[in-house]
Amino acid sequence: MSDISDQVKRECRSIQRYALLALVIWSLLFLGGFVEYEALTEARSVTLAREAAKANIGRDIALRTWISEHGGLYIETNEHTPPNRALDASTHGLLTPDGRQLTLMSSDYLIRHFYQHFGQQLGVDSRLISASPVSDLERPDHWERKMLDWMIDSQRSEAFELVDSDRKPTVRVIQRLGLESRCRGCHLRRSVEDRVGAISVSVPLAPFQQRQAEVQRPVYLGGGAFWFCGSGIILLITELRRRRTVERHEANSELRQAATVFLSSHEGVVIANLEGDVLAVNPAFTSITGYAQDEIKGRNLNILQSGRQNTTFYEEMWSSIKQSGFWRGEIWNRRKSGEIYPEWLTVSTVFDEQGEATNYVGVFSDISVIKQSQDQLEYLAYHDPLTALPNRAMMRDRLEHAVERLHRSGAHGAVMFLDLDRFKSVNDSYGHRAGDRVLREVARRLKTRLREGDTLARLGGDEFVVLLEDLSNPQSVASVARDLITLFDELFDIGDGRHVSLGLSIGICLFPEDAECTDDILQYADAALYQAKEGGRNTYRFYTDALTQSAREKLALEAALRLALERQEFVLFYQPLVRLSDREITGVEALLRWRHPELGVLPPEKFIPLAEETGLIVSIGEWVIQEACGQMRSWLDRGLELSTLAINLSPVQFRHRGLVDSIERAVLETGVPPGVIELEVTETALMDSIGLIEQRIARLKALGVRLAIDDFGTGYSSLSYLRRFNINKLKIAHSFVSNIEEGEINQPLVSTIVTLARSLNLQVMAEGVERDSQLGYLSKLGCDFGQGYLFSHPLPPEELDRLIQGG
Ligand SMILES: Nc1nc2c(ncn2[C@@H]2O[C@H](COP(=O)(O)O[C@H]3[C@@H](O)[C@H](n4cnc5c(=O)[nH]c(N)nc54)O[C@@H]3COP(=O)(O)O)[C@@H](O)[C@H]2O)c(=O)[nH]1
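The sequence shown lines up with residues 2 to 808 when you count with our numbering.
Dropping the structure here:
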């Protein structure tokens, strides 16, 4: 950079030197011209003065001649014109009759006299001189003498010279006079016949110089102005040249910079003419396209076209370049290897100083990698990475399109919400790898049953959605649902030779029948799924209005349930457990109630399922245990003879690892004997959690807590677990007791349960004893205990208190 500026400075200095030289030459030329002009003017002044002198001489000669021809001129004498003493007296003493004196004026006298008086005014001094003067008046001065001698010697009749007379330049002219015949008489009379005479005229040069100076002034002014103009032009040209030099250097520097950018840029650059023929490319162009400069130069840019864009694309692109001089966008081009790739291209038109387009410059970068990442991101934004199925976003997108399209065409569609039954257990028991394997297999199996136009998406977890479009008959969805469920008949391989069994629940929403907007369709399908799961799993349900209503209620209830514990809205009722042999109340069963602020006292079936579903049952259950134990302690302290406190446990509670801890805590805190606590669980709960609860039951047993099987006879009829878990009591379900008198089926069933209990050495209790007849029958069978409205409804503790106290 500094090299460049030094060079610029050097060139500028050189230009300035030339300018100075030109200025000096120009000034010298002018000065020479002025000097020459001055000399010419001076010469002209001299010439004019000389001519004035000669004019005088001519006039003098004419006067002399005239006077000579007339023999002289008589004039009256006065103090200015005294008598001519040079002549004899006869010629100057003449008197006129009136007494005036006249004198004869010879030519000499007249002219001398004339110049004496008027020479000053005329600016000319003229006098007659003679080589042999008869008076001092005729005597030549030094110059005149010299000139007379020269003229005599050189036979010349005239001489002139510019001399300094009293420091004033004066033109002096001298002209010899010939002795003419008419003068001879006079000369003879005066004995000066052979005299050499001459007229000598002196003309001061100053007036002529002055006149010339006046003429010169405008010339000098004009000349000065001309000099200034010339000098100005020289300076202007110098400045222009200096600027052009600087600009040229700057342009060169910019060009060098541009060349550096061109060569070192990571973006490909191609310069083409207006026909699209390549003129130059940079190294990055070569590395991106594979074409070296020599290969591509002269070839048309269309060699790079990939064929991926149609002619309309190129027409629009070139139309933009021609209209605005510019185009930018993404384009697919072809490398020399034939591979096509995306590039981000900017095409700019280069214009000359007249605004005419001269070239096109294309600058581009290979965006293959960016594109791939972008594609990957787009893919991830719309796909589930585990199963490669469309995700929620894409499913919504497709559903929205389908709703719109089907709305126009009048065809039907359906959304199926799929939920895997027992998947959570697989994940919990065998780990996420096994779970992932199952999910991939589920996706694979489901796809086998669907058509190409259907969408199978995974929303997350074990939730899948199927979108069916263009259904000619909405009922056909049911057969698809059945087929999908059947796909789960086969076990799922989870590796290491292990297999698990899963079920499938499906909720179906038809559109536009059930709903017309995406959100509603999805919500309704979800609600239908809930119904399917409620309906026993491994089944499907269609959406209905009633279902929506119950779903809404469920939501409201769930919100209230979450607050019920902290608002202390739960209470426990207690129902007596009666020993049938003597009708004594030997224990109580704690039964939960919810005092809902708006709905009143709610029985357990209204909220326990929801509490189980949401997991709230764990903390509610802990409260029940704590509260019931506290109450029991209070009764025992007051001397009530109660040996059993029955507490219901839901399967969810039973599976929860904190169960034993919470019972231990209650025992510890309330001081209730653990032996009075009897936990009621269902057979199903026991069997479902069999692997998980074995240790837990052992701990409970070790604590002294008793176990009763609730609703015995309605679930699995496996008896081995009765011994295995050291069960203490069987409770015969209401449904068996309620029609014990009429049914031929129920009597043997109840009798069998009582017999079984006896043989296993278990206590047995009948639930739902409402009538004496039922009591009589059960007593006859030898049933140990009974519970039912016949004895008492579930009561608040203080009422139960009264009941027991009252006997
Ligand atoms: N996990 C928990 N579950 C609980 C708890 N409290 C109750 N429950 C469960 O709710 C079920 C229904 O209980 P509830 O509505 O209180 O009904 C009990 C009695 O009112 C009813 N019963 C008693 N005698 C009769 C009768 O003669 N006729 C008739 N129709 N019903 C009667 O039976 C229920 C008690 O039955 P059981 O538990 O099988 O002994 C209840 O079954 C529990 O599953 C809780 O705190 N936690």
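We put the beta carbon where it would ideally sit given N, CA and C, even for glycine.
Straight-line Cα distance separating residue j from residue i
| i | j | result |
| --- | --- | --- |
| valine 706 | asparagine 729 | 10 Å |
| glutamine 398 | histidine 384 | Reading the sequence as shown, one finds aspartate at residue 398 and not glutamine. Whole-angstrom Cα-Cα distance: 12 Å. |
| tyrosine 110 | tyrosine 221 | 47 Å |
| asparagine 303 | threonine 313 | 15 Å |
| valine 661 | leucine 704 | 9 Å |
| serine 69 | leucine 180 | 11 Å |
| arginine 538 | aspartate 422 | 7 Å |
| valine 25 | phenylalanine 227 | 15 Å |
| glutamine 310 | tryptophan 333 | 7 Å |
| glutamine 176 | glycine 33 | 36 Å |
| glutamate 470 | glutamate 491 | 28 Å |
| glutamate 139 | leucine 64 | 18 Å |
| serine 133 | leucine 29 | 53 Å |
| glutamine 748 | glutamate 742 | 7 Å |
| glycine 330 | alanine 273 | 18 Å |
| glutamine 654 | glutamate 613 | 8 Å |
| cysteine 518 | glutamate 684 | 44 Å |
| leucine 731 | serine 780 | 16 Å |
| leucine 578 | serine 663 | 24 Å |
| glycine 462 | glutamate 379 | 21 Å |
| isoleucine 76 | phenylalanine 31 | 60 Å |
| glutamine 351 | lysine 323 | Reading off the sequence, residue 351 comes out as valine, not glutamine. Cα-Cα distance, rounded: 11 Å. |
| leucine 22 | threonine 359 | 42 Å |
| proline 798 | alanine 758 | 31 Å |
Reduced DSSP category for residue i - H, G, I as helix; E, B as strand; rest coil
| i | result |
| --- | --- |
| glutamate 470 | strand |
| leucine 103 | strand |
| tyrosine 431 | helix |
| arginine 51 | helix |
| valine 706 | coil |
| isoleucine 594 | Going by the sequence as given, residue 594 is arginine instead of isoleucine. It is a strand residue. |
| phenylalanine 571 | strand |
| glutamine 632 | helix |
| alanine 750 | Reading off the sequence, residue 750 comes out as leucine, not alanine. If DSSP states are grouped into helix, strand and coil, leucine 750 belongs with the helices. |
| arginine 243 | helix |
| isoleucine 728 | coil |
| cysteine 230 | helix |
| tyrosine 110 | helix |
| proline 205 | strand |
| valine 770 | coil |
| threonine 97 | coil |
| cysteine 784 | coil |
Sub-8 Å separation of residue i and residue j beta-carbons
| i | j | result |
| --- | --- | --- |
| glutamine 524 | histidine 794 | no |
| valine 443 | alanine 435 | no |
| alanine 647 | alanine 591 | yes |
| phenylalanine 465 | leucine 503 | no |
| phenylalanine 608 | leucine 641 | no |
| leucine 472 | alanine 526 | no |
| histidine 735 | glutamate 768 | yes |
| valine 619 | leucine 593 | no |
| valine 467 | leucine 451 | yes |
| leucine 813 | leucine 566 | Since the displayed the chain opens at 2 and closes at 808, residue 813 lies outside it and no answer follows. |
| glycine 588 | serine 506 | no |
| aspartate 773 | leucine 791 | yes |
| isoleucine 509 | alanine 482 | yes |
| isoleucine 58 | valine 204 | no |
| leucine 723 | leucine 761 | yes |
| valine 478 | leucine 447 | no |
Closer than 7 Å: residue i CB and nearest ligand 2 heavy atom
| i | result |
| --- | --- |
| valine 770 | As far as ligands go, the structure on display features ligand 1 and does not contain ligand 2. |
* Contact between the region 273 to 291 and the region 347 to 367 (3+ Cβ pairs under 8 Å) -> yes
* Kindly provide the ranges of any alpha helix (DSSP H) runs that are 4 or more residues long and lie completely inside the region 312 to 382, ordered along the chain. => 312 to 325
* 4-residue-minimum alpha helix (DSSP H) runs that sit fully inside the region 249 to 300, ordered along the chain -> 284 to 290 and 294 to 297
* Let me know the beta strand (DSSP E) ranges lying completely inside the region 116 to 194, each 3 residues or longer, listed in chain order. => 126 to 131, 159 to 166 and 169 to 178
* To do: Could you tell me which uninterrupted beta strand (DSSP E) segments, each at least 3 residues in length, are contained entirely in the region 438 to 466, listed from first to last along the chain?
  => 456 to 461
* Taking one C-beta from the region 236 to 248 and one from the region 53 to 72 each time, how about it: are there three or more such pairs within less than 8 Å? -> Contact fails: fewer than three Cβ-Cβ distances are below 8 Å.
* For the region 386 to 397 against the region 453 to 462, are there 3 or more C-beta pairs whose distance is under 8 Å? -> Note that the region 386 to 397 touches the region 453 to 462; at least 3 beta-carbon pairs, one per stretch, sit closer than 8 Å.
* **Contiguous beta strand (DSSP E) assignments of at least 3 residues, all confined to the region 644 to 677** => 645 to 649
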